[in-house]
Amino acid sequence: PAPAPETPEEAAARERAERAALLDAGEALREARVREDAIPYLVLLAIQFLPLAGDSRYFSGAYFIILACTTVYVGGRQYALEPGETIQESNALYAPVGASVALGLLYCLLKVGIDPTALYSLAASVFGVLAVGETFVPLLRAALPGGGFGEQKIAVPAAVGRGLGAWENDEELPADGVAALGLGLALLAVYWYPGIALTDKFLVSNVLAWSIGMASLAAIELSSFRTGAILLGGLFFYDIFFVFGTDVMMTVATKIEAPVKFLYYTVPSDGIPRDYPFSVLGLGDIVIPGLFVRMLSRVDEALQPEKVSYFDAGVLAYAVGLILCFVVNNVTGSGQPALLYLDPLIVGGALLTGAANGQLGDVWNYAAEGADDDVDDADGE
């Protein structure tokens, strides 16, 4: 006899089981990638102790350079559970406009006496908790001994399971996900606790910011090389204008405190306290170039270069650009737009690598599978 057709409940249960199996397999791949990159992750952990060694601007520069370069590397290599949101060329064209409007709005609010810090910081820190819950799952799996942590389940009320997006059973949640979310909530509590000054807990803010950056690199994709070049080109001019041409960037960066930047407590060499006691590296100075470098890993997969890896060249170009930025900052004593140095070196380095590999045209015309950019459509007419 023919098998009985599935009931709607059975079909739903089967689909959830299949999705749970796919996600479990994806988590295993994420854990494996973390294990492959164990040394860079250990470097990220080790530099969190650097503030114990010194509080001069040279220590802050070393901290930011190591943190940023290592994050671009591991962020570019991390395995994403699901395809990310794709940025098309039309989106990239308008990115500087959207960024300018958002930055200008925050600046105007400050100038008219409205401080949006509490609301902005709350939104960013809640997002940071969710990012910690996502980013730290493979880290905990790789760090905890035994290898079975990812398979353990924790019983919860069905309403809680549904609210947190339980994969297969509303009354069970994976122990690694609960532990990672608990870590994020603990960091949130410390971040908002008024009894600890930010100068004593800035590393907590940095962990939240780092998690947001890693989650962003996993959740966003560039549709093509030209999309990345347009995005970096537009934000290149945006960064220069708002750092050199106005006080907007500096005002927002120092007046609105939220875990969307990296901080390092520094003591001036002259001993005179400053109004804002931190050196700062913007999260966008990692995420924006990092998206391009991550795309270069897919260029490697598509073009299979025989001489030089596009991803490795991108990480190297990022490191050189950031070091150059900090050198100029120390020489001039004034804040520098990091994208001024990063964007030309990363895009130009990728094109030079393409020329060295004999694939310059292929690199320029690279588009992710399924990409549907407007320019691509026009070229095909």
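When we follow the working numbering, the leftmost residue of the sequence shown carries the number 56, and every step to the right adds one. Just so it is clear, CB atoms sit at the ideal spot from N, CA and C, and this is done for glycine as well. All figures in this text were calculated on a predicted structure; none of them were measured in a lab.
One alpha carbon belongs to L161, the other to S352, and they sit about 35 Å apart.
Looking at S278, S180 and F292, the one whose alpha-carbon comes closest to that of V245 is S180. A83 and F317 have their C-alpha atoms roughly 30 Å apart.
Counting only residues of its own chain and dropping the five nearest sequence neighbours on each side, E361 has a CB closer than 7 Å to the CB of N412. Between the region 145 to 164 and the region 245 to 255, the count of Cβ pairs shorter than 8 Å is below three; the stretches do not touch. Apart from sequence neighbours up to five positions away, the residues of its chain that approach Q207 with a beta-carbon distance below 7 Å are A230, ordered along the chain. Counting along the chain, the unbroken alpha helix (DSSP H) around F257 starts and ends at L253 to A274. Scanning the region 315 to 358 from its first residue to its last, the whole alpha helix (DSSP H) runs of 4-plus residues come out as 339 to 358. K208 sits in a strand when the DSSP states are folded into three classes. In the structure shown, the three-state DSSP call for I169 is coil. Apart from the 5 residues on each side of it in sequence, V129 sits with its Cβ closer than 6 Å to the Cβ of D92 and P95 in its chain, given in chain order. Contact check between the region 390 to 401 and the region 279 to 294: three or more CB pairs, one atom from each, fall below 8 Å, which counts as touching. Under the 10 Å beta carbon count, P328 is surrounded by fewer than 16 other beta carbons and is classified as exposed.
L277 sits in a strand when the DSSP states are folded into three classes. The C-alpha of I311 is placed about 8 Å away from the C-alpha of Y175. If you check the CB distance, T408 and E276 do not come in under 7 Å. Linking Q414 to G188 through their CA atoms gives a straight-line distance of about 40 Å. In this structure, DSSP gives P193 a helical state, which the three-state scheme calls helix. The three-state secondary structure of L105, taken from DSSP, is helix. If you draw a straight line from the Cα of P58 to the Cα of R69, it is about 16 Å long.
Taking the Cβ atoms as the reference, S271 lies roughly 5 Å from V342, within the contact range of under 8 Å.
Inside the region 130 to 182, DSSP marks whole beta strand (DSSP E) runs of 3 or more residues at positions 140 to 142, from first to last along the chain. Assigned with DSSP and collapsed to three states, L199 falls in coil, not helix or strand.
Assignment of beta-bridge partners to P229 by DSSP yields K208.
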